[in-house]
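Enquirer: If you read the protein sequences in the order shown, they are chains U and S. Residue numbering for the first sequence follows my numbering, starting at 14 and increasing by one per position. Residue numbering for the second sequence follows my numbering, starting at 487 and increasing by one per position. Idealized CB from N, CA, C, for every residue including glycine.
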Amino acid sequence: MRVTFTVNGRRQEADDVWEGESLLYVLRERMGLPGSKNACEQGECGSCTVRLDGVPVCSCLVAAGQVEGRDVVTVEGLADFARQRAEGGCASGVCGTGLDEAQQWQARPTDSQTGEHAELAPIQQAFIDAGAVQCGFCTPGLLVAADELLERNDSPSDADIREALSGNLCRCTGYEKILDAVRLAAARGEQHTAGQGA
Amino acid sequence: MTGTPPRAATAPDRAPTNLTQGGKTKAGIGESTLRPDGTLKVTGEFAYSSDMWHEDMLWGFTLRSTVAHAEIVSIDTAEALATPGVYSVLTYDDLPTDVKNYGLEIQDTPVLAHGKVRHHGEPVALVAADHPETARRAAAKIRIEYAELPLVTDEATATAEGAPLVHEHRTDHHIGHVPHPNIVHRQPIIRGNAAEAAKKADVIVSGEYVFGMQDQAFLGPESGLAVPGEDGGVDLYVATQWLHSDLRQIAPVLGLPEEKVRMTLSGVGGAFGGREDLSMQIHACLLALRTGKPVKIVYNRFESFFGHVHRHPAKLWYEHGATKDGKLTHLKCRIVLDGGAYASASPAVVGNASSLAVGPYVVDDVDIEAIALYSNNPPCGAMRGFGAVQACFAYEAQMDKVAKKLGMDPVEFRQLNAMEQGTIMPTGQPVDSPAPVAELLRRVKAMPLPPEQQWLTAGAGADVRALPGGLSNTTHGEGVVRGVGYAVGIKNVGFSEGFDDYSTARVRMEVVGGEPVATVHTAMAEVGQGGVTVHAQIARTELGVQQVTIQPADTQVGSAGSTSASRQTYVTGGAVKNTCEHVREQVLGIGRRKFGTYHPAWATAELLLEGGKVVTDGGEVLATLADVLEGEAVDLELEWRHRPTEPLDLRTGQGNGHVQYSFAAHRAVVEVDTELGLVKVIELACAQDVGKALNPLSVVGQIQGGTTQGLGVAVMEEIIVDPKTAKVKNPSFTDYLIPTILDTPTIPVDVLELADEHAPYGLRGIGEAPTLSSTPAVLAAIRDATGLELNKTPVRPEHLTGT
Ligand code: FES
Ligand code: FES
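Given below as structure tokens:
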């Protein structure tokens, strides 16, 4: 079957999709967007978390056909998504990663210390700065979930953070630095707002 | 980089890249430099092994046995092979050479089962198809007829008279000294006279402990891509802990010389020991060579539970004696580790369990024995803490019991018996670097305790999220009691018992765009621990450059050894440091040649490279590196070794077996709902000596991660094997539970830095020690809260409620 939906602000089409294929598979293997991770494909770890019409979902549990005509944001689009949110929205259909671009996917060397070559969402920068990334396999799913939390609640308590991220497993960090990262992003957000005199 | 021969295969469309870090980066060792791969990892661009992708690749799938021990009567692959989209189906009969087994130390593991299967989930056949689902469906059409055989599942069935032999034709070098062919290895440690010393004891305490089978549960599944080359060789992109160990095992099975199996490390989503053994490596190569097409294999979570070895479950019998004034008199203990169907790292795990069985305490008279069994249970091997974890669980429970019997404070009792620099280990080896056991306990005890009843919120009653049971809203605080427990542990660092534990580093220094740049190339597996960060820090410190490029790890450079045993920063970090020192000497040599006549300091002063310049130890600048290196590059590849170790005597266990020890102490605070048997860990504080924190941010992250894995095994993690069928009952994240952010408390960490003069920068391996003591600390706290004995991991509600 053919599935047409929006990924990171761009309309995409996938052809010859099997009935049983998950959104995760279509993103990773057909659209060249491997950022969403395949750690359990059982809905237990949250590594594959994406936004579907704004709602965080485990993309491994969503059948590809279910996303027909809908809107998906993955970790690859998180920086754009956050920037557009900050700027007050996206003129739909023109922002984000195109399929051509996506399929040309190549890891590009960057400088993570300075972020010189990359534009990151605040939560992404906070994960780097707080040391919340070790192997990083859980990171994309955590970032999407944490970004959604901060969108809803710009000064979450620790209990709020734990509740929001309880569907995302991390085996490396012990979560302490992930908490630090979310606190850091929230604090920077507040500073930013205060700086604007809002 | 020069010297890299042209690839015989076409590179995948998605593959690992260089990591370059420079700019305003905080520089050298001791700084909390951020990860050079951080940006790639937060943007989803980092190429993990399961992300490898090649234009016209096929998907491989492994068919695994549904029974634990059986003869294979027949395999029929015809229908599978006839499935549209299937390119190849392989069984044992298709293996290309006479080498059909592999293994880390003992080559007893079949690439594909031949004649019989020895454990549930053993690989039997392989399929390559154009879609993963096609491969899976075709595999389901392979018909296998099994004739089940009697099972070996524990020590009693393994050594019973007439017991079936798991490996009926053993020829390995341990067979000569083991008491039974179903025992992989046995290591006694006898020192002093435990029986005689026991007579001096005023109290004697014994206990029997059971440690469950833990899984590494790294998040990135076993996966990789094999690309056939035009020269008949193969390029393999894979997540592993030790490329060269894989290579040594893969090449003979494929019938290829090692140069024709070119391995590149692709992004590793955690390892924790679970990637020391091969998983899909040979399978993908076989399928790629057979089909002539790139083949990708990615395990799903279910298969991952069968795709790697687990932590050895153990039964431990311990007897300690002590005098009235609190001095330990002796230790007798016996540790039985279940190694499962194949040897994997069992011999080394036995060596660690026995030599560290006494813990970080002074006990002169010991009688220790550790064995590992062959059984039809899942194979067990390396996991963080490696043999020391199981022992620590038992000896720390014993310490509390002895202290209680003596009426002493458990921490003071431990401190009274704590080892220190100069203590002689039960192996006869003197401890020749700081061993601050009493100090770590003091520090962890001195941390402020979390306030009581934190779940009581002002005015609003209880915040159920902070209570045992959490959001399931099972209690509002009634029946909740608090307990506090302590534990400390000792772990060896590096490979022991005479292993030639070396690493290789290649460092190049040159001027690019007017800037001095260092390139570091090693075969070290970055599994998340942060080796890439530390290597760049070392290069900056030693070479005075800002910009450092870390090349992807591959087999084009010499072996780095394994990313395990807390050894990688010590050994490959040591290799990078050593190579940088030689590069520095050559750079200075060039400087002397070019500029030596201009300033006498070139010949007379101690010279350093700092801030892109050659400076004297007095701080005088002699030249810029850009001027010195202009047009020239220095490029060296060198091996580096730590101090040698010795094998342990097979009868007495005596020998200088370990190169370094690391120590961590924990204090656990728990709240237990005694009615429902639910445990909430409130805080798990840790104090650890790291010798020298090369990157404090990463050090703390490692300690917190290790602590959480120990917490997991204390209260939730266990692979459950049905004792009647030897089948795994819970191979999923639904049924095998690892701690979530709700299960994990705050983990304050106190880092102590007492340099080990024998180690590079004085550092001490850190990755494993925190995994040891966190489990017994949690158990001690639950015992403190409930008054129950609790001698098994994990503690389940039924153990607390007696139901
Ligand atoms: S991969 Fe989707 S929840 Fe684990
Ligand atoms: S950083 Fe490895 S799983 Fe979270």
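Output the boundary residues of the beta strand (DSSP E) element that contains Asp173(U).
Expert: Unbroken run through Asp173(U) is the alpha helix (DSSP H), 171 to 177; no beta strand (DSSP E).
Enquirer: If contact is defined by three or more beta carbon pairs under 8 angstroms, each pair taking one atom from either stretch, is the region 696 to 712 of chain S in contact with the region 720 to 729 of chain S?
Expert: With the cut-off at 8 angstroms, the region 720 to 729 of chain S and the region 696 to 712 of chain S touch.
Enquirer: Taking 7 angstroms as the limit between beta carbons, can you name the residues of its chain near Glu938(S), skipping five residues before and five after?
Expert: Correct list, in chain order: Arg968.
Enquirer: From what residue to what residue does the alpha helix (DSSP H) around Thr1005(S) run?
Expert: First-last for Thr1005(S): 1001 to 1007, but that is the beta strand (DSSP E), not the alpha helix (DSSP H).
Enquirer: Strictly below 8 angstroms CB to CB, what residues from chain S border Asp142(U)?
Expert: Near Asp142(U) (Cβ distances below 8 angstroms), the residues of chain S are Leu520.
Enquirer: Just tell me which of Gly1251(S), Asp562(S), Val575(S), Val739(S) has its CA closest to the CA of Ser1184(S).
Expert: Ser1184(S) has its Cα closest to that of Gly1251(S), out of Gly1251(S), Asp562(S), Val575(S), Val739(S).
Enquirer: To the nearest angstrom, how far is the alpha carbon of Asp499(S) from that of Arg43(U)?
Expert: Rounded to the nearest angstrom, the two C-alpha atoms are 14 angstroms apart.
Enquirer: If you follow the beta strand (DSSP E) that Glu805(S) is in, where does it begin and where does it stop?
Expert: Per DSSP, Glu805(S) belongs to the beta strand (DSSP E) from 800 to 808.
Enquirer: Nearest chain S C-beta to Pro47(U) closer than 8 angstroms, yes or no?
Expert: At least one chain S Cβ lies under 8 angstroms of Pro47(U).
Enquirer: Run down chain S in chain order and give the residues with a C-beta less than 8 angstroms from the C-beta of Pro69(U).
Expert: None at all; the shortest Cβ gap to chain S is about 15 angstroms.
Enquirer: Does ligand 1 have even one heavy atom less than 7 angstroms from the beta-carbon of Gln79(U)?
Expert: For ligand 1, not one heavy atom lies less than 7 angstroms from the Cβ of Gln79(U).
Enquirer: Can we count Leu37(U) as close to ligand 1, meaning its CB is less than 7 angstroms from some heavy atom?
Expert: Yes, the Cβ of Leu37(U) comes within 7 angstroms of a heavy atom of ligand 1.
Enquirer: Near Ala1087(S), which residues of its chain fall below 7 angstroms by C-beta distance, leaving aside the five closest residues on each side in sequence?
Expert: Thr1102, Glu1106, Leu1108.
Enquirer: Based on Cα-Cα distance, which residue from Val1073(S), Thr1160(S), His1085(S) lies nearest to Gly1117(S)?
Expert: Closest by alpha carbon: Val1073(S).
Enquirer: Ignoring anything shorter than 4 residues, give me the alpha helix (DSSP H) runs that lie fully in the region 654 to 707 of chain S, in order along the chain.
Expert: Fully enclosed alpha helix (DSSP H) runs of 4 or longer: 680 to 683.
Enquirer: For Ile783(S), does the count of other Cβ atoms within 10 angstroms reach 16, so buried, or fall short, so exposed?
Expert: Per the 10 Å Cβ criterion, buried.
Enquirer: Quick one: does Ser574(S) have its CB under 8 angstroms from some CB of chain A?
Expert: Of the protein chains in the structure, U and S, none is chain A.
Enquirer: Considering only the alpha carbon of each residue, which of Leu775(S), Ala646(S), Pro667(S) lies closest to His655(S)?
Expert: Here the closest residue by C-alpha is Pro667(S).
Enquirer: Measure from the alpha carbon of Ile561(S) to the alpha carbon of each residue in Val572(S), Leu549(S), Val1281(S), Pro570(S), then state which is nearest.
Expert: When only C-alpha atoms are compared, the closest one is Leu549(S).
Enquirer: Over what stretch of residues does the beta strand (DSSP E) that includes Cys1066(S) continue unbroken?
Expert: That residue, Cys1066(S), is in no beta strand (DSSP E); its alpha helix (DSSP H) goes 1054 to 1081.
Enquirer: Apart from the five residues just before and just after Gly1017(S), which ones in its own chain have a Cβ nearer than 6 angstroms to its Cβ?
Expert: Closer than 6 angstroms at Cβ, skipping near neighbours: Met1010, Gln1054.
Enquirer: Among residues of its own chain, excluding the 5 on either side of Ala614(S), which ones have a beta-carbon nearer than 6 angstroms to its beta-carbon?
Expert: Only Leu544, Gly546, Tyr573, Ser574, Leu773, Thr777, Val781 meet the Cβ criterion.
Enquirer: What is the rounded straight-line gap between the Cα of Pro1217(S) and the Cα of Gly1014(S)?
Expert: The alpha-carbon atoms of Pro1217(S) and Gly1014(S) are separated by roughly 24 angstroms.
Enquirer: In angstroms, rounded to a whole number, what distance separates the CA positions of Ile661(S) and Val670(S)?
Expert: The straight-line gap from Cα to Cα measures roughly 8 angstroms.
Enquirer: Mind checking whether the beta-carbon of Asn786(S) lies closer than 7 angstroms to any heavy atom of ligand 4?
Expert: This structure lacks ligand 4; the ligands present are ligand 1 and ligand 2.
Enquirer: Please tell me whether, using a cut-off of 7 angstroms, the distance from the CB of Gln702(S) to the nearest non-hydrogen atom of ligand 1 is below it.
Expert: For ligand 1, not one heavy atom lies less than 7 angstroms from the Cβ of Gln702(S).
Enquirer: So is the beta-carbon of Asn51(U) under 7 angstroms away from any non-hydrogen atom of ligand 1?
Expert: Answer for Asn51(U): yes, Cβ within range of ligand 1.
Enquirer: Rounded to whole angstroms, what's the CA-CA distance from Asp193(U) to Ile857(S)? Just pull it up for me.
Expert: Approximately 43 angstroms between the Cα atoms of the pair.
Enquirer: Can you list, in chain order, the residues of the region 165 to 180 of chain U whose Cβ is nearer than 7 angstroms to any Cβ on chain S?
Expert: Listed by position along the chain: Ala172, Arg175, Glu176, Leu178, Ser179.
Enquirer: Return the Cβ separation of Lys602(S) and Ala556(S) in integer angstroms, given the expectation that the two are a contact with Cβ distance under 8 angstroms.
Expert: The Cβ separation is near 6 angstroms, so the contact holds.
Enquirer: Where in the region 512 to 577 of chain S do unbroken runs of the beta strand (DSSP E), each at least 3 residues long, occur, reported from the N-terminal end onward?
Expert: With a minimum length of 3 residues, the continuous beta strand (DSSP E) runs that stay inside the region 512 to 577 of chain S are 544 to 550, 556 to 562, 572 to 576.
Enquirer: Cβ of Thr1226(S) versus every heavy atom of ligand 2: is any distance shorter than 7 angstroms?
Expert: No, ligand 2 has no heavy atom inside 7 angstroms of this Cβ.
Enquirer: Would you verify that the beta carbon of Gly1030(S) is, or is not, closer than 8 angstroms to some beta carbon of chain U?
Expert: Not an interface residue.
Enquirer: Just checking, does the region 589 to 608 of chain S make contact with the region 518 to 530 of chain S on the three C-beta pairs under 8 angstroms criterion?
Expert: No, because fewer than three Cβ pairs between the region 589 to 608 of chain S and the region 518 to 530 of chain S fall closer than 8 angstroms, the two stretches do not touch.
Enquirer: Hey, quick one: how far does the alpha helix (DSSP H) through His730(S) stretch, first residue to last?
Expert: Note, His730(S): alpha helix (DSSP H), 729 to 740.
Enquirer: Ignore the nearest five residues each way along the sequence and tell me which others in Pro431(S)'s own chain have a CB closer than 7 angstroms to its CB.
Expert: In this structure chain S extends from 487 to 1289, so residue 431(S) is not present and cannot be described.
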